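Contents: one structure, followed by commentary.
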Amino acid sequence: MTTNLLLSIAWTHVSTRVRQTLVGMFGVAMGVGFTIMMAGLMQGSQIDFLRQLVDTMPHVTVEDERRSVPSQPADQEYAAVQMSNVANVNRRPGIRYPDAIMTSLRSWLPGDVAPSVKTTAIVDHGGRVGVTLTGIDPRLEVRVSKLASQMLEGKLTDLSKAANGIIIGQALAEKLAVKYGNTVLLGAGEGTPISATVVGIFRSGLKRVDEGQIYSLIGLAQTLMGQTGVINQLRLRLNDPVVAQKVATQVEAQIGYKSVSWQEANSDLLSTFATRDFIVLTVMGAMLLTSSFATYNIISTITHEKRHDIAIMKSLGMREYSVRRIFIIEAAMMGSVGILFGWILGYLLCYGWSQITIFNPLTGATVPLQIYYSPMHYIASGAISILCCAVAAFFPARKATRVHPVEIIRGAS
Amino acid sequence: MTKIALQVMGLVRRVQGVISHTLVDGIDLSVAKGEFLAITGPSGSGKSSLLYLLGLLDAPTEGEVIICGQATSKLSETERADVRLTKCGFVFQFHFLLAEFTALENVLLPMRAAGQMSTKDMNDRAMSLLTSLGLGEQTAKRPNQLSGGQRQRVALARALANRPEIIVADEPTGNLDTASTEQVFGILRDIADSGQTVVVVTHDAALAARADRRIHIVDGKIHETTFGGDRKSEIAAAAGTAECQS
């Protein structure tokens, strides 16, 4: 059976029923368009959030602790003996031989590593705010964080130019009414507070970071911590943040210290995203499925109207599945044009949404809605839609073409 | 020796339902190549049912239909469709032309479905058929732009398109005026005279009388057979032939 004939009959059917065809195409276009918009919007906001998250924090953080409690000397010596109330051995805090570890990691790491000292501090400038203080090496920091590019005032290297220089977030600066060049008191809960100079202000985009994170040189952090020479964090930045979990596992296996990827650190958040993705996919699938009901209705109507044609085509010797294909081709024609219009509609909707700005409570800024433009959205929505159309056409077509031609011919007599 | 185009043996068609009904009840029949066979009978006698069985539109409950030497009782529905496409041409009481297609496109339909000719050959043949049936000027018209007689002639041209061995016509003049009836019957007669087999169901006794043979069906059985025309002896001999030849 020549495909040209089937195409020709199918085209004749759809082109002589302009209103029905347009309704079918409109249904598909709406489904595809809104699916693309939803996908772009949901994925855009998610990717934007993750990008900010990943940019703000190290991809892998090696911490001064181990996942399992270290074995005590008594356990090692007397493994078979149950001993209670044995005092744990207090190790000196910090990562041992950090330089050697970093040299070793750099030999295979797809990225870079920098040492830091993490401690807590209180910034006092009229009001007192507890913050996380990270002592960094400005020369190495540029390799592992985007702090340098997030600076609104001052530079990372300015930390070395002033005695007890610190870099604070914009939100904290606003909270404490601190300006670039001001002096604040920095305390660690015990001892005399240290006078520190604000040599830089940064803005990461994440409010909790901008309000609760400050940076200083490693030496100042160690002083506040009361542990000279200690390094209690190694921070890794990778060329591809996606492989962070794999790298963290490798690093931990190599050096023994707990290595936390950004995925692990935000596992609760990512789990929420997974749930949200599932919900969004379900809604989008339902939208496409619903849009295919228009196709189902139209093909049902056409097959009903064309019962005589079906009978005559079968009586002429056209095979049942060939006749069935005519109606599936009709649905595919409507679906294809509908998908094309849906793609255009989807793009326009995405563009329209991207022009809208909203206040982001997370960043505290008014930003445009983030839209993720991906060919996959167009391909997937088109493929699912054409499949739905074909399935929607198959059932009425099968029912119609199964009718015995004699029944219809007799009915017409 | 006269060749047999169509032969049926012990043909039974029974409809199962709340009440079982036998439409065709044990018919044996041989139709010679080039024969014009008319089937007559009262309404509900089973003549159309017999015709649908002969044209493979319907499958018998029992018995065998042999078309040009090919037994068909064990063929699948797809194979039966292929036989219909190449060996049978159908004309119905209602023209059953595809409404959105022109006369030419309707005639092209079976040829395009068979897919055995080039586009030019198909167009040439369709034009030639329509012209020979007096529709040379109507080829671009759709069915709703044609008269009843013209539509039926287009349906005849469509039935002839694939050069089938057998033309099966169910009351082809049932909806036509006298002039158109005469014209269509004349065409069918010419088709038979040119060597193709024509089997027609009709209520019109006068027209049936012009066939080579008339079988009268009552209650699904052949009640009476009448031979006529110039080929009377030849057809009568073929009717008694048990062997089917291609």
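Note that the protein sequences, when read in sequence, are chains L and F.
Here the working numbering is used: the first residue of the first sequence is 66, the next is one more, and so on.
Here the working numbering is used: the first residue of the second sequence is 106, the next is one more, and so on.
Even for Gly, the Cβ is constructed at its ideal location relative to N, Cα and C.
Keep in mind that this is a model prediction, so the values were computed, not measured.
Taking a beta-carbon distance threshold of 8 Å, F/Asp163 counts as an interface residue toward chain L. Only buried fits L/Met107, as 16 or more other CB atoms lie within 10 angstroms of its CB. Close partners of L/Met399 in chain F (Cβ separation under 8 Å) are lacking, with about 17 Å as the shortest Cβ gap.
8 Å or more divides the Cβ of L/Gly265 from the Cβ of L/Lys311. Between the alpha carbons of L/Ile320 and L/Ala397 lies a distance of about 59 Å.
Contact check between the stretch 194-206 of chain L and the stretch 274-281 of chain L: three or more CB pairs, one atom from each, fall below 8 Å, which counts as touching. In chain order, Phe201 make up the part of chain F whose C-beta sits under 7 Å from the C-beta of L/His373. The three-state reading of DSSP puts L/Ala228 in coil, since its state is none of H, G, I, E or B. Within the stretch 74-96 of chain L, Ile74, Thr77, His78, Thr81 place their CB atoms closer than 8 Å to a CB of chain F, listed in sequence order. Judged by DSSP in its simplified three-state form, L/Gln298 adopts strand.
Under the three-state reduction of DSSP output, F/His126 falls in the strand class. Residues of the stretch 286-297 of chain F that bring their beta carbon within less than 9 Å of a beta carbon in chain L are absent altogether.
Within the DSSP secondary-structure output, L/Gln310 pairs in no beta bridge.
Shortest Cα-Cα distance from L/His373 to any of F/Thr244, F/Leu203, F/Val170, F/Phe141 involves F/Leu203. For the stretch 191-227 of chain L, the full-length beta strand (DSSP E) segments reaching 3 residues or more read 192-201, 216-218 along the chain. Taking 8 Å as the threshold, the shortest C-beta distance from F/Pro147 to chain L does not fall below it. Sorting L/Ile233, L/Cys453, L/Ala228, L/Gly105 by C-alpha distance to the C-alpha of L/Ala351 places L/Cys453 at the top. The Cβ-Cβ distance between F/Val259 and F/Ile144 does not fall below 8 Å. Among the residues of chain L, those whose CB is under 8 Å from the CB of F/Pro215 are Leu381, Gly382, following chain order. Around the beta carbon of L/Leu224, 16 or more other beta carbons sit within 10 angstroms, so the residue counts as buried. With respect to the 8 Å criterion, L/Ile436 and L/Gly96 are not classified as neighbours on the basis of their beta carbons. Taking 8 Å as the upper bound on Cβ-Cβ separation, chain L lies near residues Glu182, Thr183, Ala186, Asp187, Val188, Arg189, Leu190 of the stretch 178-190 of chain F.
Interface annotation, L/Ile474: in contact with chain F, CB-CB separation under 8 Å. Less than 8 Å separates the beta-carbon of L/Ser269 from that of L/Gly234. Bounds of the beta strand (DSSP E) holding F/Ile327 are 326-332. Contact of F/Ala218 with chain L is assigned, a C-beta pair being separated by under 8 Å. L/Asp189 is the residue among L/Glu255, L/Leu271, L/Arg208, L/Asp189 whose C-alpha sits nearest the C-alpha of L/Ile231. Excluding its 5 nearest sequence neighbours in each direction, F/Ala313 has C-beta neighbours in its own chain below 6 Å: Ala143, Thr145, Thr307, Arg319, listed in chain order. Residue environment analysis places F/Lys179 among the exposed positions, since fewer than 16 neighbouring C-beta atoms fall within 10 angstroms of its C-beta. For F/Gln243, the secondary structure class from DSSP, reduced to helix, strand or coil, is coil. According to the DSSP assignment, F/Met114 belongs to the beta strand (DSSP E) that extends over 109-120. The stretch 74-138 of chain L is shown to contain whole alpha helix (DSSP H) runs of 4 or more residues at 83-121, in chain order. For F/Val212, the enclosing alpha helix (DSSP H) has its first and last residue at 208-219. Exclusion of the five residues before and after F/Ser150 leaves Ile322, Val323 as the residues of its chain whose Cβ lies within less than 6 Å of its Cβ. For L/Gln278, there is no enclosing alpha helix (DSSP H); the residue is found in the beta strand (DSSP E) stretching over 278-282.
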